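For the sequence shown, the tail end lands on 1590 under the working numbering, and the numbers increase by one without skipping.
Backbone N, C-alpha and C fix where the C-beta goes; we use that ideal spot for every residue, glycine too.
None of these values were measured; they are calculated from a predicted model.
Worksheet for the structure shown next.
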Amino acid sequence: MSDWVDVARVEAITPGEPVHIEIDGVGIAVFKLDDAFYAIEDVCTHDGGLLTGGCIENDQIVCPRHGARFSIKTGEALTAPAYEPTAIFPTRVESGMVQVMDDRWD
């Protein structure tokens, strides 16, 4: 069973500035949208590069290399050249700390 991993204090994550963490070698980008937190695999499914560093527009992140858009909430690839979604991960807040878990293999 996977464990929850601390990302940062709630107040340290600001809208428009994702936090990149690694869990067991998997890069994960954690976002704050409105008053909720979301986590997606920090990889463009088109070319394998990092999504962090790309522009955030509403609830989407734009790949900084080729412009593919991904939903921060669902991981869905929204525009070419990406066609496959990126993984999403559960988040929670415990004692003021944002946490994420990679539960894909449970």
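Between which two residues does the beta strand (DSSP E) holding residue i run?
{"i": "K1557", "result": "Run containing K1557: none; DSSP gives neither H nor E here."}
{"i": "E1568", "result": "Note, E1568: premise wrong, no beta strand (DSSP E); not H, not E."}
{"i": "H1504", "result": "V1503 to I1507"}
How about residue i and residue j: do their beta carbons lie closer than 8 Å?
{"i": "V1584", "j": "V1510", "result": "no"}
{"i": "H1530", "j": "P1565", "result": "yes"}
{"i": "I1497", "j": "F1573", "result": "no"}
{"i": "I1507", "j": "A1571", "result": "no"}
{"i": "L1535", "j": "V1527", "result": "yes"}
Within its chain, find whatever has a CB closer than 7 Å to the CB of residue i; leave out the 5 residues flanking it on each side and keep chain order.
{"i": "A1492", "result": "V1503 and V1582"}
{"i": "L1562", "result": "Q1544, R1553, F1554 and S1555"}
{"i": "D1490", "result": "M1581 and Q1583"}
Identify, in the order they occur along the chain, each residue of the same chain with its Cβ nearer than 8 Å to the Cβ of residue i, setting aside the five sequence neighbours on each side.
{"i": "C1539", "result": "I1545, V1546 and P1548"}
{"i": "G1537", "result": "P1548"}
{"i": "D1587", "result": "S1486, F1573 and P1574"}
Within a Cβ cutoff of 6 Å, which residues of the same chain sit near residue i, ignoring the five residues on either side of it in sequence?
{"i": "R1576", "result": "Q1583"}
{"i": "W1488", "result": "Q1583 and M1585"}
{"i": "G1533", "result": "R1549"}
**Message:** To test your reading of the DSSP string, which unbroken beta strand (DSSP E) runs of 3 or more residues are found completely within the stretch 1506 to 1530?
**Reply:** Taken in chain order, the complete beta strand (DSSP E) segments of 3 residues or longer contained in the stretch 1506 to 1530 are 1510 to 1517 and 1520 to 1525.
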